[in-house]
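Novice:
Numbering (this note's numbering), first residue to last: 1105 to 1867.
1. Sort 1611, 1612 and 1626 by Cα distance to residue 1618 and report the nearest one.
2. Contact check, residue 1638 vs residue 1601 under 8 Å by CB: the rounded distance?
3. Helix, strand or coil for residue 1180, going by three-state DSSP, please let me know.
4. At the level of alpha carbons, what is the spacing between residue 1487 and residue 1607?
5. Please classify residue 1298 as buried or exposed, where buried requires at least 16 other C-beta atoms within 10 Å of its C-beta.
6. If you reduce the DSSP assignment to three classes, tell me which class residue 1533 lands in.
7. I'd like the span of the beta strand (DSSP E) that includes residue 1862, first residue to last.
8. Looking at the structure shown, is residue 1240 part of a helix, part of a strand, or coil, going by DSSP?
9. For residue 1472, tell me which candidate among 1571, 1215 and 1390 has the shortest Cα-Cα distance.
10. If I follow the unbroken beta strand (DSSP E) through residue 1467, where does it start and stop?
11. By the DSSP assignment, the beta strand (DSSP E) with residue 1695 in it spans what residues?
12. Out of 1790, 1765 and 1811, which has the shortest C-alpha to C-alpha gap to residue 1836?
13. Can you check whether the CB of residue 1604 is closer than 8 Å to the CB of residue 1067?
14. According to DSSP, is residue 1555 part of a helix, a strand, or is it coil?
15. Quick check on the DSSP output: the alpha helix (DSSP H) that includes residue 1148 runs from which residue to which?
16. Please state whether DSSP places residue 1669 in a helix, a strand or coil.
17. For residue 1658, which of helix, strand or coil comes out of DSSP?
18. Given a cut-off of 8 Å on the beta-carbon distance, is the pair residue 1426 and residue 1262 in contact?
19. Taking residue 1467 and residue 1223 to be in contact with their CB atoms under 8 Å, please state how far apart those CB atoms are, rounded to whole angstroms.
20. Classify residue 1076 as helix, strand or coil using the three-state DSSP reduction.
21. Which word fits residue 1227, buried or exposed, when buried means at least 16 other C-beta atoms lie within 10 angstroms of its C-beta?
22. Considering only residues of the same chain and omitting the five flanking positions on each side of residue 1118, which have a CB-CB separation below 6 Å?
23. In whole angstroms, what separates the C-alpha of residue 1237 from that of residue 1149?
24. Just the C-alpha distance for residue 1402 and residue 1242, rounded to the nearest angstrom, thanks.
25. Taking a contact to mean a Cβ-Cβ separation below 8 Å, would you say residue 1690 touches residue 1551 in this structure?
26. Take residue 1676 and list the residues in its own chain whose beta-carbon comes closer than 7 Å to its own, dropping the five residues that flank it on each side.
27. At the level of alpha carbons, what is the spacing between residue 1534 and residue 1718?
28. Counting only the same chain and skipping the five closest in sequence on each side, list residues whose C-beta sits under 8 Å from that of residue 1757.
29. Report back the beta-carbon spacing between residue 1450 and residue 1244 to the nearest angstrom; my notes put them in contact at under 8 Å.
30. Going along the chain, which residues of its own chain have a beta-carbon closer than 8 Å to the beta-carbon of residue 1312, five neighbours each way excluded?
31. So, with DSSP's three-state summary, where would you put residue 1763?
32. Taking C-alpha atoms, which residue in 1801, 1394 and 1644 lies nearest to residue 1294?
33. Which one or two residues does DSSP pair with residue 1603 in a beta bridge?
34. Would you mind working out which of 1630, 1863, 1621 and 1620 sits nearest residue 1613, comparing C-alpha positions?
Shown next, in the form of structure tokens:
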């Protein structure tokens, strides 16, 4: 950006323009500087905060989160089972390492079922959208097919119009033909016989007349043949007249033949007349036939006229059907255009399917993730290491994931039923742990450096109920007795950093947990570590304070530390800087633990008792502190002796007598057969002590001389450590400031804390 600005030519200002306004540089030119980017600066602040948290072992919220040197072990069997089931190893590991939800199983399972209902509803909506899209596509297909079919039918209708036209034309031609028949037959009837037929009849009649005349003449000739023949002439020379008459058979035969010829002629005439009659009958019958044909032609003409009328109607119908078919095509085309252009068309349903598919899958993923979280709370509340109620494979991409919600809901309900079957009532116990009796050094550390570490070993709980296992915290509260006003805030932060649970009651093997190099707990299948995440509470009154406004065991969310292992490590932190009470007035810290447990039976009880006898003197009670310890304040626990020590007569030794008898120790230690004091830590609340003191009993290998030093263990405090390896019994200890030293007063030393490290031998 600077290089770009350097490339810009300088613009000289010549003063003022005539209007009196000064010429300014363009606003687009970043001449002086680059404007700040608040968002980019915020990113850098976030990066700096994250780096600080990482380098100081803090989580994203800025809370202390010490991490183990190694990641928690992975169960190979679980991975093998996951691979055989076709599950993704990455998703399995993600489920194993996912944080515990904030809400209980009952809430989570109900929310999961609600999401499953949403998934089912979205699946139904998706199916309806797909069905509607298919219906729209089918309707469009039917519309297109209907239009094509209507157009094909239109062609048929048009051909039917042509057929009707041709039929009408044929009928009209047939009508003309019938009319021609009528005219023809009517003409024949009207004209009667033609000239030739008339001539034939006339000639036939004339011939008959001729035949008749011939017959008569022939008959006359034959009759004349009956007349005898007369011969008239001359006979002889010169001729003499002579007359000769002949009558006999010849004349009779001729007469007979004449009669026969007459009869035959008559018969011939009659035959001719019969022929004429036949001809005339034929003419009459022909005339009748013509009349009949005429009548039939007239009837046929009427029929043809009706057919023509019907054909005309059919032609009109065909034309109307063509018109109607065209109208139907137009309507179908309009419907098709509407179906293509309407809002709720196939494109809309395709869009809905796309969006619903995305939302459906995302909602399913959300429901599946919540179901896995519900299963995680299922395992957490029941103390299970693994479960397989919610599995992979509900979503079938080939079927658009349909019925995934129903299948997931079934497994969730099955898991809910399994939870109700397995959620039996366990033993409910309360444990009060006083830091002064558990780890006196930690209590002194809290008073001086305002923070300390507390470890609650398994042996601490076995002292109450040996043989119990599956000890899990229900609630934790804290009490800090100190000098504070009635409305003074006693603020401290209690953080659980580690926790473990003995998860089975296996007996007959070494009872304590396996350890590695340096006594670090090793992998042991009988124990489960980090059951709960790192959690903290902040107190207000520190009087049985659980860090809540109101303790509600039916809270929808988990209570602080609920479900964590009672075998735990804690960090107690007082606020740095200005405080509203004096930490040095803290006399004790009491942790109130309410937890559940299960009875492990006689075998585990016997193993726990045996382990308690050997490990009670070596149990880890802090980061490094082991064994039993008791804190005494000379000022508060031995007030008379303390007063006498500070107010000894002038010129005499200052002697502090401490009665460390059995009655000063917890009952289990006082009742033990052997109570041995192993070490005394004398912590002086003083600015400087240069005097050499004397202690009785005398410690082994005592430093010469016995002086308090500021070794930095307790900030601002002076310390002197007295070792007694032989372990004298409890009794009376005396601390003497010889008279030769500068006397100690209440101004030079405010208090002397005596931390007694001891061991016991249990029966």
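For each residue, glycine too, the CB sits at the ideal point set by N, CA and C.
Keep in mind the model is a prediction, meaning the values are calculated, not measured.
Specialist: In short, the structure shows the following:
1. 1626
2. 6 Å
3. helix
4. 8 Å
5. exposed
6. Residue 1533: strand per DSSP, three-state reduction.
7. Run containing residue 1862: 1856-1865, per the beta strand (DSSP E) assignment.
8. helix
9. Comparing Cα-Cα distances from residue 1472 to each of 1571, 1215 and 1390, the minimum goes to 1215.
10. Note, residue 1467: premise wrong, no beta strand (DSSP E); alpha helix (DSSP H) at 1450-1486.
11. 1694-1703
12. Nearest of 1790, 1765 and 1811 to residue 1836, Cα basis: 1765.
13. Residue numbering for the chain in the displayed model covers 1105 to 1867; residue 1067 lies beyond these limits and cannot be assessed.
14. strand
15. For residue 1148, the enclosing alpha helix (DSSP H) stretches over residues 1142-1159.
16. strand
17. coil
18. yes
19. 5 Å
20. There is no way to answer for residue 1076, as the model of the chain reaches only from 1105 to 1867.
21. buried
22. Bear in mind that the predicted position of residue 1118 carries a pLDDT of just 48, short of 50, making it unreliable; the figure below should be weighed with that in mind. Counting only residues of its own chain and dropping the five nearest sequence neighbours on each side, residue 1118 has no CB closer than 6 Å to any other CB.
23. Taking the CA atoms as reference points, residue 1237 sits about 52 Å from residue 1149.
24. 59 Å
25. Remark: C-beta atoms of residue 1690 and residue 1551 approach each other more closely than 8 Å.
26. 1550, 1555, 1556, 1558, 1596, 1598 and 1693
27. Computed Cα separation, rounded: 25 Å.
28. 1840, 1841, 1842 and 1843
29. 7 Å
30. 1373, 1376, 1377 and 1380
31. strand
32. 1394
33. The secondary-structure analysis by DSSP pairs residue 1603 across a beta bridge with 1672.
34. Looking only at 1630, 1863, 1621 and 1620, the smallest Cα-Cα distance to residue 1613 is reached by 1630.
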